[in-house]
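Undergrad: Structure in structure tokens, see below.
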Amino acid sequence: MISSNSWLKSHRSFLLTIRYLRQRSKSQVPFHESPSTSSDHERSTRTNETVDDRTIEESTTKRKALQVAVIGTPNVGKSAITNCLVKSEVCPVSRLIDTTRSNLLTSLTEEDFQLVVVDSPGLIRVEHAKKDIGVHPTASIITDPDKAVEKAEHIVVVYDCTHPGRYIHHRVMHMLHRNSHIPSSLVINKVDLLKDRSQLLHLTPILTAGKVGGEAIALKPAHIGKLGVVNPKHLKGLREMRIHTKDENISPELQGLYRELMDKPTHKCNWSDTKRLFLNTLGWPNFDSVFYVSALTGEGIDGLRDHLSKLANTVNMWRYEEDIITNKNMHDLCIEHVRAALLDCLPGDIAYRLKVRIVEWMPPDDSNESLRIVTEVDCEKARWGKLVARRVQPDEVGQRLQSLLNQPVMFQVHIKHKGKLVIVEDEEFESD
Numbered sequence: 028m029i030s031s032n033s034w035l036k037s038h039r040s041f042l043l044t045i046r047y048l049r050q051r052s053k054s055q056v057p058f059h060e061s062p063s064t065s066s067d068h069e070r071s072t073r074t075n076e077t078v079d080d081r082t083i084e085e086s087t088t089k090r091k092a093l094q095v096a097v098i099g100t101p102n103v104g105k106s107a108i109t110n111c112l113v114k115s116e117v118c119p120v121s122r123l124i125d126t127t128r129s130n131l132l133t134s135l136t137e138e139d140f141q142l143v144v145v146d147s148p149g150l151i152r153v154e155h156a157k158k159d160i161g162v163h164p165t166a167s168i169i170t171d172p173d174k175a176v177e178k179a180e181h182i183v184v185v186y187d188c189t190h191p192g193r194y195i196h197h198r199v200m201h202m203l204h205r206n207s208h209i210p211s212s213l214v215i216n217k218v219d220l221l222k223d224r225s226q227l228l229h230l231t232p233i234l235t236a237g238k239v240g241g242e243a244i245a246l247k248p249a250h251i252g253k254l255g256v257v258n259p260k261h262l263k264g265l266r267e268m269r270i271h272t273k274d275e276n277i278s279p280e281l282q283g284l285y286r287e288l289m290d291k292p293t294h295k296c297n298w299s300d301t302k303r304l305f306l307n308t309l310g311w312p313n314f315d316s317v318f319y320v321s322a323l324t325g326e327g328i329d330g331l332r333d334h335l336s337k338l339a340n341t342v343n344m345w346r347y348e349e350d351i352i353t354n355k356n357m358h359d360l361c362i363e364h365v366r367a368a369l370l371d372c373l374p375g376d377i378a379y380r381l382k383v384r385i386v387e388w389m390p391p392d393d394s395n396e397s398l399r400i401v402t403e404v405d406c407e408k409a410r411w412g413k414l415v416a417r418r419v420q421p422d423e424v425g426q427r428l429q430s431l432l433n434q435p436v437m438f439q440v441h442i443k444h445k446g447k448l449v450i451v452e453d454e455e456f457e458s459d
């Protein structure tokens, strides 16, 4: 676990904390010594007794914590679900895939429970990362999902119920098999988009290979709008992945491939190999539970969070301070949110290749109550710069940052090509 107090102290200036966001300037009350009196002594004695009692009470309180890795294919709603779980819009979200390029650790501490959620990039091909995003095969967008799972105590697999393919993706299957010692849950997202929720009755047995929590699925009749009866015929033909055992139906070639791939992290496995290995495998039979949620409306999220809290382990001290919501450098996090805003209004092949940096960060003062953030967007081509200038709405981006930082933000963006500002005439704005 990444939980060292020394690590936190050395990086405190970079931590995005609620204390920083909401209490940027606290005046300190000076301490004045005064001659001791009998009444002062009595008050001091009573205070010490109260502190001692509180210390004893706190030491006997059982603290619990759980670190969760959220994994899945691109654009299934991993970041949105993470935001819902930690009750903060900390993870950038956009309409395009590959918004999340690296692991983002977030946390929520309530009463005696601390939930640490690591939002990971969607599982993608190396070829896609190189061609469309312009990054190296060893970039975090490729390697970070494995890192998230390595340090996890629980895995949350997010599945988009509107996706036409009814199966767990072969890259996800590889991660689950390779990390089968880590408990996992299936979260079926975007249920708000289903016109007929009875579809979930047929989908669930497929994605779970007919088993949840080690037992065969047995859904009972329920009220309209909730899960009802599963037709037994939909369970026929579903089988678990047993290629790592001596199954007569599995060829020695696949068994050998299985053993070979289990020795490698997912990002080092050839895409075609994992696809071939899990070609006829639709579901994972070892999920301990299944949740139907909508990250957009918040439906089902409380139940998921409650479930995770019951799985938490007892700890002597919090892994992260109670008011820390992420370990990400706040400047870098703001850049990612600006990038998400660009993905929302530009074609992906352009938005992915824009370089964003913060050139000014001016905290509020007596003359200005807003945090002033000025960013620079560098474009490879002049026409890209003009498109950015026409499409980007600084006020909307400022609202994103304001929601993230929980304080008024004055946002400006400078669009440049080869170091020069891109100027767009009024008629060019009208032509878009």
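Residue numbering for the sequence shown follows the working numbering, starting at 28 and increasing by one per position.
Just so it is clear, CB atoms sit at the ideal spot from N, CA and C, and this is done for glycine as well.
Rounded C-beta distance between Leu123 and Leu370? I'm assuming under 8 Å.
TA: Confirmed, Cβ separation roughly 4 Å.
Undergrad: For Cys529, write down the residues that DSSP places opposite it in a beta bridge.
TA: In the structure as shown, the chain starts at 28 and stops at 459, and residue 529 therefore has no counterpart that could be examined.
Undergrad: Closest to Lys9 by C-alpha separation, out of Ile377, Asn354, Tyr194, would be which residue?
TA: Here the chain covers residues 28 to 459 and nothing more, so residue 9 does not appear.
Undergrad: Do Thr100 and Met202 have their beta-carbon atoms positioned less than 8 Å apart in this structure?
TA: Not a contact, by the Cβ cut-off of 8 Å.
Undergrad: Taking the C-alpha atoms as reference points, what is the distance between Gly241 and Gly310?
TA: Roughly 14 Å between the two C-alpha positions.
Undergrad: For Pro119 and Glu363, which I take to be in contact (beta-carbon distance under 8 Å), what is that distance rounded to the nearest angstrom?
TA: That belief holds up - the Cβ atoms of Pro119 and Glu363 are roughly 5 Å apart, short of 8 Å.
Undergrad: Tell me Lys91's beta-bridge partners as DSSP assigns them.
TA: Looking at the DSSP assignment, Lys91 forms a beta bridge with Phe140, Thr341.
Undergrad: Work out the CA separation of Val97 and Asn75 for me, nearest whole Å.
TA: For Asn75, the pLDDT reaches just 46, beneath the cut-off of 50, and the residue's location in the model is therefore unreliable, leaving the point undetermined.
Undergrad: With distance defined between alpha-carbon atoms, name the residue in Leu414, Asn356, Pro390 nearest to Leu374.
TA: Reading the sequence as shown, one finds Pro at residue 374 and not Leu. Ranking the options by Cα distance to Pro374, first place goes to Leu414.
Undergrad: Only counting runs of 3 or more residues, tell me where the beta strand (DSSP E) segments fall wholly within the region 138–201, in order along the chain.
TA: Qualifying beta strand (DSSP E) stretches, in chain order: 140–146, 181–187.
Undergrad: Would you list the one or two residues that DSSP bridges to Ile400?
TA: For Ile400, which the question treats as bridged, DSSP gives the partners Trp388, Phe438.
Undergrad: Going by C-alpha distance, which of Ala243, His208, Arg198, Tyr186 is nearest Lys217?
TA: For Lys217, the nearest C-alpha among the options comes from Tyr186.
Undergrad: So Val383 and Thr402 are in contact, right, with Cβ under 8 Å, and what is the actual spacing, rounded?
TA: Rounded, the Cβ-Cβ distance is 6 Å, consistent with contact.
Undergrad: Where Thr231 and Ser134 are concerned, what is the direct C-alpha to C-alpha distance, given to the nearest angstrom?
TA: Approximately 29 Å, taken between the alpha carbons.
Undergrad: Rounding to the nearest angstrom, what Cα-Cα distance links His441 and Asn356 in this structure?
TA: About 22 Å.
Undergrad: Could you give the distance in angstroms between the alpha-carbon of Gly330 and the alpha-carbon of Leu131?
TA: Approximately 23 Å, taken between the alpha carbons.
Undergrad: Do Ala416 and Val449 have their C-beta atoms closer together than 8 Å?
TA: Result yes, Cβ atoms of Ala416 and Val449 sit closer than 8 Å.
Undergrad: Between the Cα of Ile168 and the Cα atoms of Gln282, Thr126, Arg286, which residue gives the shortest distance?
TA: Checked all of Gln282, Thr126, Arg286; the closest Cα to Ile168 is Thr126.
Undergrad: With a CB to CB cut of under 7 Å and the five nearest residues on each side skipped, what residues in its chain are close to Lys447?
TA: There are no such residues.
Undergrad: Have a look at the DSSP bridge pairing and note the partners of Ile98.
TA: DSSP, once it has assigned bridges, lists Val184 as partnering Ile98.
Undergrad: Where DSSP assigns a beta bridge to Val317, which residues make up the other side?
TA: Partner(s): Leu213.
Undergrad: Quick check: Thr301 and Leu281, are their CB atoms within less than 8 Å of each other?
TA: Their beta carbons are not under 8 Å apart, which means Thr301 does not touch Leu281 by this criterion.
Undergrad: To the nearest angstrom, how far is the alpha carbon of Glu452 from that of Ser106?
TA: Looking at the two C-alpha atoms, the distance is approximately 37 Å.
Undergrad: Identify which residue in Gly325, Met389, Ala367 has its Cα closest to the Cα of Leu112.
TA: Nearest C-alpha to Leu112: Gly325.
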